[in-house]
Amino acid sequence: MSTFVLLTITGLGLGAMYFLVASGLSLIYGLMGVLNFAHGAFLTVGAYATWFTESKLGGISSVTLRFLLASLVGLAVGALFAALVELVLIRPLYLRHIEQVLVTVGLSLAMVALVQGIWGNDARLYAVPNWFRETTHVGGATIPNDRWLDIGAAVLVLAGLKAFLRYTRYGLVIRAGVENRAMVTALGIDVRKAFTLVFAIGGLAAALAGILSGVYFTEVDPGRGTSLLIFAFIVVVIGGLGSLTGSAVASVVVGLSQQYVNYYSSGVGDLSVVLLLALVLLARPATLAGRTA
Amino acid sequence: MSGLLEIRDLHVFLGESHVLQGVSFDVPEGGITALLGRNGVGKTTTLRAVLGLVPRRGSIRLAGAAIERDPTHKIVQSGLGYVPEDRDVFAGLTVEENLRLAERNGAARYDLVYELFPELKERARQRAGTLSGGQQQMVAIARALLNPNRLLLIDEPTKGLAPALVSDVAHVLERVAEAETALLVEQSLGVVRRLARSIIVLDQGRVVHTGAAADLDDEALVHRLLGVGHAA
């Protein structure tokens, strides 16, 4: 029983990180039709900005304060970087989908190479508050505390994004834009501002995933963004392109599947996720959000 | 002759197809001008070209100001209202959200919209995707009327509606035409005769006739230009 509880909480923690990456991917695709292969770079930039800032704050004795300040910098850098990518690289390529794919794939590869060139291939250790490394006993299982952080952050981001989309003018524009971008402009709305904002929000969430992955894996390496992005793409396809709720549900399904199958079937968790994706694509059902994959 | 909207030598290519082939016409200020023609002659494309929703070449002036280089949202903000052919309401948004989205310049005319379409007030919290075709058309027209406009572009507002609703929509457009200028694409000649002051007829991407709405009383002309009988 305790093993099952541990697997469940760990799977939810992993799913939380997938959701943080997938939420931005899904909104960006839903609104702009851009398959953003550079999304993993936002994660990497946020994670490294946090690690780098933390390493420069040696004058502050409190690890918790250092981590919080560094995380704020990491989040801001992730959001700004994403907004810049939209303004400089994506905006000139609206409706040119092949070029968008080439540019975002190129940027993704370039960012990994850039990080490797500056800080090397070796993983960098994350200094985090002690509480994250401690454990909590639940249902007979010993749960690392950072899992609660992952789950809590994802729930907050989901609730925050839902509230933003529902109660703000920009949220209204984004929801309408996901349905029919041309008609939004035909109502006199400059939808490009919403594009930049969605990229910034996506970058912020991805940077948060990068920071949390640093806590989860205790370190960050240049390939982190790429590896998490693959699963985030799977989540987005299973959950329904453009659907936030679908992505949240699919993240939980993917995270739990990985953990359960890894443990009970000798480490083929990743394969199970790919099989799950294949089943969804083959069956072509309405996905979890009611849209086709 | 000059007008509120002046279009000169307008060309639109959609893929391999040369849809508009040098269209030129004026829409005079006040009342409704009907843009007529058989299916596929470029009426909807003309409206979309004015709005910048399709790539085009040529000169478009609204109240004397060139707008052909402006992005769509700027063109609309300069005083254009648009009712698209297929309504294009946002199905996942409520009626109230559809209207709120259309607000611009803080001058939303909810009183007018709810006076014309009281049913929309009752259905404010209903998702637009669950409305009937007629109710969706009300939302589409209300969205365009929410703001004061220099010019309304209205594309087949009675398409697919029951006869009783066609009459209701025509009545609303009659009210609208008292205060605003409109360029109306409409298949029903009955509605056109009731509403329009002037007509422009397109054929194969070119203007083939401009004149007063009374020209539609000439059965031979109607048959030649539109391929339909007088009673249509």
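Here the protein sequences come in this chain order: A and B. First residue of the first sequence: 1, per this note's numbering; consecutive thereafter. First residue of the second sequence: 1, per this note's numbering; consecutive thereafter. Built from N, CA and C at the ideal position, the CB exists for glycine as well. Model, not experiment: these values are computed from the prediction.
message: Less than 8 Å between CB atoms is the rule here; does B/L183 satisfy it with respect to chain A?
response: Start at 1 with the first residue of the second sequence, and residue 183 of chain B comes out as number 183. So no, B/L183 is outside the interface.
query: Alpha carbon to alpha carbon, what distance is there between B/S167 and B/I199?
result: Taking the first residue of the second sequence as 1, we reach residue 199 of chain B at position 199. Taking the first residue of the second sequence as 1, we reach residue 167 of chain B at position 167. When rounded, the distance between both Cα atoms is 20 Å.
Chain B contacts from the region 183-201 of chain A (Cβ-Cβ distance under 9 Å): M183, V184, T185, A186, L187, G188, I189, D190, V191 and R192
Closer than 7 Å: A/L204 CB and nearest the ligand ZN heavy atom: Although the ligand ZN was asked about, the structure shown includes no ligands whatsoever.
task: Tell me the start and end of each unbroken alpha helix (DSSP H) in the region 66-146 of chain B that is at least 4 residues and wholly inside, in chain order.
output: 72-77, 95-102, 110-116, 118-122 and 133-145
- request: At 3 residues or longer, and completely inside the region 134-221 of chain B: list those beta strand (DSSP E) runs for me, N to C.
  value: 151-155, 181-185, 196-203 and 206-212
- request: Taking C-beta pairs closer than 9 Å, name the residues in chain A that B/L93 reaches, listed in chain order.
  value: In the second sequence, the residue the question calls residue 93 of chain B occupies position 93. Here the neighbours are L172, R175, A176 and E179.
- request: Return the CA-CA distance between B/V208 and B/T181, expressed in angstroms with no decimal places.
  value: As a working mapping, residue 208 of chain B is identified with position 208 in the second sequence. As a working mapping, residue 181 of chain B is identified with position 181 in the second sequence. Distance between the alpha carbons of B/V208 and B/T181: 22 Å.
- request: Give the C-beta separation of B/V41 and B/T33 to the nearest angstrom, bearing in mind that I take them to be a contact with Cβ-Cβ under 8 Å.
  value: In the second sequence, counting from the first residue as 1, residue 41 of chain B sits at position 41. In the second sequence, counting from the first residue as 1, residue 33 of chain B sits at position 33. Actually they are not in contact, since the Cβ atoms of B/V41 and B/T33 sit about 16 Å apart, beyond 8 Å.
- prompt: Do A/R235 and A/S257 have their CB atoms nearer than 8 Å?
  reply: Taking the first sequence and counting its residues from 1, the one referred to as residue 235 of chain A is at position 235. Taking the first sequence and counting its residues from 1, the one referred to as residue 257 of chain A is at position 257. At residue 235 of chain A the sequence reads Val, which differs from the Arg that was named. Contact: no.
- prompt: Measuring CA to CA, which of A/A159, A/I201 and A/V178 is closest to A/H39?
  reply: In the first sequence, the residue the question calls residue 39 of chain A occupies position 39. For A/H39, the nearest C-alpha among the options comes from A/I201.
message: To be precise: take each residue of the region 33-62 of chain B, compare its Cβ to all Cβ atoms of chain A, and keep it if any distance is under 8 Å. Which residues remain?
response: L51 and L53
- prompt: Which stretch, first to last residue, makes up the beta strand (DSSP E) that contains B/F13?
  reply: Along the second sequence, read from residue 1 onward, the residue named residue 13 of chain B stands at position 13. From DSSP, the beta strand (DSSP E) with B/F13 extends over L5 to L14.
message: Please report the distance separating the alpha-carbon of A/V178 from that of A/S2.
response: For the purposes of this step, residue 178 of chain A is taken as the residue at position 178 of the first sequence. For the purposes of this step, residue 2 of chain A is taken as the residue at position 2 of the first sequence. So the alpha carbons of these two residues sit roughly 43 Å apart.
Three-pair Cβ contact test at 8 Å for the region 110-119 of chain A versus the region 29-46 of chain A: yes
- prompt: Whose CA, out of A/D221, A/V184, A/A232 and A/A186, lies closest to the CA of A/A302?
  reply: There is no way to answer for residue 302 of chain A, as the model of chain A reaches only from 1 to 293.
query: From A/N145 to B/E119, what does the alpha carbon distance come to, in whole angstroms?
result: In the first sequence, the residue the question calls residue 145 of chain A occupies position 145. In the second sequence, the residue the question calls residue 119 of chain B occupies position 119. Each residue's Cα considered, the two are about 54 Å apart.
message: Under DSSP, the alpha helix (DSSP H) around A/D150 begins and ends at which residues?
response: Your numbering for residue 150 of chain A matches position 150 in the first sequence. Run containing A/D150: N145 to Y167, per the alpha helix (DSSP H) assignment.
- prompt: Closer than 8 Å, CB to CB, is B/Y114 near chain A or not?
  reply: Within the second sequence, the letter at position 114 stands for residue 114 of chain B. Not an interface residue.
- prompt: I think A/F294 touches A/E86, with their Cβ atoms under 8 Å apart; what is that distance to the nearest whole Å?
  reply: Since the first and last residues shown for chain A are 1 and 293, residue 294 of chain A lies out of range.
- request: Take every Cβ of the region 168-180 of chain B, pair it with every Cβ of the region 142-159 of chain B, and state whether three or more of those distances are shorter than 8 Å.
  value: yes
query: Does B/V76 have its Cβ less than 8 Å from a Cβ in chain C?
result: Among the chains of the structure shown, chain C does not appear; the protein chains present are A and B.
message: Checking the sheet assignment: what are the DSSP bridge partners for A/T136?
response: For this step, residue 136 of chain A is matched to residue 136 along the first sequence. A/I143.
query: Below 8 Å between beta carbons: does that hold for B/H233 and A/G239?
result: Outside the displayed span of chain B (1 to 232) sits residue 233 of chain B, for which this structure offers no information.
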